[in-house]
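Peer 1:
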Amino acid sequence: MYQQIVILTGAGISAESGLRTFRDQDGLWEEHKIEEVATPEGYASNPLLVERFYNDRWQQFHNGCIEPNAGHTALAKLEQQFEGELLVVTQNIDDLHERAGSKRLLHMHGELSKGRCPRSQQTFILREPFGPRHTCTCCIPAQRLRPHVVWFGEMPFGLDRIQHALDSCDLFIAIGTSGTVYPAAGFVDTANHHGAQTVEVNLVAVDRHSQFQYHLEGKASELVPKLVDDILSGKIVNNVL
Ligand SMILES: [Zn+2]
């Protein structure tokens with residue numbers, strides 16, 4: 000039986016709920032210049048353009064068509080029923096894990112549903128799309144909130160906590176992430192170094208030189224529920240799911 004599990008989720012698990020991803024073919028970066036909509040410099044030079052970009056994403060979440068899938072639900076079930084320590088780290092800025100019921104969750108790339116005061120770093124929940132009227136209540140004068148997302152060139156959130164969890168985990172699972180972007184790409188090395196079992200779940204085998212010990216190929220919405228049932232019934236994960 001495992002004692003401490005760390006799970007990293009990426010765009011692949013959200014894509015199965017119908018959300019457009021950033022990096023895939025037909026991804027959002029095909030249509031938008033990264034330097035304009037996802038860097039501090041781009042925001043400084045045209046905040047309205049950046050807000051519009053994230054508002055489009057925001058609208059997509061709130062149009063009523065996007066729901067958590069069986070992968071999200073299974074991870075919430077694992078959190079509720081697993082008796083050891085568990086941390087879900089997500090690279091996704093959507094709230095599908097929360098909607099499925101996950102609570103022990105860390106958004107390393109921020110959250111679309113929040114704005115952040117650029118001075119105090121305090122976050123505020125957004126109940127409507129971004130606009131100039133969204134200002135903080137922590138400063139005088141009030142500051143215009145910026146999207147609470149990590150842009151290129153910025154440090155992801157929670158790295159200390161993630162590192163700490165990886166240092167003592169005995170199972171690390173990455174789901175729907177290409178595993179090519181640092182620092183997340185290095186999590187598997189840390190977990191391996193500490194003797195954990197490492198498992199990746201991906202639609203297609205991503206990397207010939209993968210550091211993961213086990214590779215499960217297929218949809219997260221189909222594989223993750225099986226994986227969770229195995230873990231909860233005390234089975235050791237292997238390739239023959
Ligand atoms: Zn403030």
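Heads up: the sequence shown is residues 0 to 240, going by numbering that gives the first Met the number 0.
Cβ coordinates follow ideal geometry from the N, Cα and C atoms, glycine included.
It should be emphasised that the depicted structure is a prediction, and the values quoted were computed from it without experimental measurement.
Could you check if I172 is buried or exposed, using at least 16 other CB atoms within 10 Å of its CB as the buried criterion?
Peer 2: Buried is the call here.
Peer 1: What would DSSP say about P102, mapped onto helix, strand or coil?
Peer 2: Here residue 102 turns out to be Lys, not Pro, going by the sequence shown. Correct three-state label for K102: coil.
Peer 1: If you count every other CB in all the chains shown that lies within 10 Å of the CB of L136, and 16 or more means buried, which is it?
Peer 2: The sequence given here has Thr at residue 136, not Leu. Exposed.
Peer 1: Would you call the stretch 175–186 and the stretch 33–49 in contact, with 3 or more CB pairs under 8 Å?
Peer 2: Touching, no.
Peer 1: May I ask you to report which of helix, strand or coil DSSP gives V203?
Peer 2: It is coil, neither helix nor strand.
Peer 1: Assess contact between the stretch 66–86 and the stretch 46–54, defined as three or more Cβ pairs (one per stretch) separated by less than 8 Å. Is contact present?
Peer 2: No, because fewer than three Cβ pairs between the stretch 66–86 and the stretch 46–54 fall closer than 8 Å, the two stretches do not touch.
Peer 1: Exposed or buried, D159, counting other C-beta atoms within 10 Å across all chains shown (16 or more means buried)?
Peer 2: Result: exposed.
Peer 1: Out of curiosity, what's the CA-to-CA distance linking L170 and I4?
Peer 2: Roughly 5 Å between the two C-alpha positions.
Peer 1: What is the C-beta distance between V200 and V223, in whole angstroms, given that I count them as a contact (C-beta under 8 Å)?
Peer 2: Between V223 and V200 the Cβ distance is about 6 Å, and since that is below 8 Å, they are a contact.
Peer 1: Skipping 5 residues on each side, what residues in its chain have a beta carbon closer than 7 Å to that of E66?
Peer 2: For E66, where only same-chain residues beyond five positions count, the Cβ hits under 7 Å are S16.
Peer 1: If we count the other Cβ atoms within 10 Å of its Cβ and call it buried at 16 or more, is M107 buried or exposed?
Peer 2: The residue is buried, with at least 16 neighbouring Cβ atoms inside 10 Å.
Peer 1: How about H71 and L95: do their beta carbons lie closer than 8 Å?
Peer 2: Yes. Within cutoff.
Peer 1: Among residues of its own chain, excluding the 5 on either side of M0, which ones have a beta-carbon nearer than 6 Å to its beta-carbon?
Peer 2: Same-chain partners within the cutoff: G233.
Peer 1: Between which residues of its own chain and P155 is the CB-CB distance below 8 Å, once the five residues before and five after are set aside?
Peer 2: For P155, where only same-chain residues beyond five positions count, the Cβ hits under 8 Å are M107, H108, V149, P182, A183.
Peer 1: So is C168 buried or exposed if we call it buried at 16+ other beta carbons inside 10 Å?
Peer 2: It counts as buried.
Peer 1: Cβ-heavy atom distance between R143 and ligand 1 below 7 Å?
Peer 2: Checking the Cβ of R143 against ligand 1 gives no.
Peer 1: From the DSSP output, which residues share a beta bridge with I6?
Peer 2: In the DSSP output, where bridge partners are listed per residue, I6 has V87, I172.
Peer 1: Give me the Cα-Cα distance between F186 and L77, rounded to the nearest whole angstrom.
Peer 2: The straight-line gap from Cα to Cα measures roughly 21 Å.
Peer 1: With C-beta atoms as the reference, is T20 less than 8 Å away from A14?
Peer 2: Contact flag set, yes.
Peer 1: Reducing DSSP to helix, strand and coil, say where P146 ends up.
Peer 2: Reduced to three states, the DSSP call for P146 is strand.
Peer 1: Please state the DSSP three-state secondary structure of R160.
Peer 2: It is helical.
Peer 1: Please report the straight-line C-alpha distance between K113 and E127, rounded to a whole angstrom.
Peer 2: Roughly 10 Å between the two C-alpha positions.
Peer 1: If the criterion is Cβ atoms closer than 8 Å, does the pair G118 and L144 meet it?
Peer 2: The identity of residue 118 in the sequence shown is Arg, whereas the question assumes Gly. No. Outside cutoff.
Peer 1: With distance defined between alpha-carbon atoms, name the residue in G157, Q120, G152, V87 nearest to A141.
Peer 2: Ranking G157, Q120, G152, V87 by Cα distance to A141 puts Q120 first.
Peer 1: How close, in whole Å, do the beta carbons of A10 and T176 come, if the pair is a contact with beta carbons under 8 Å?
Peer 2: With 8 Å as the limit, A10 and T176 qualify as a contact, their Cβ atoms being about 7 Å apart.
Peer 1: Between F151 and the rest of its own chain, which residues show a CB-CB distance below 7 Å, the 5 nearest in sequence each way excluded?
Peer 2: So the qualifying residues of the chain are I33, A37, T38.
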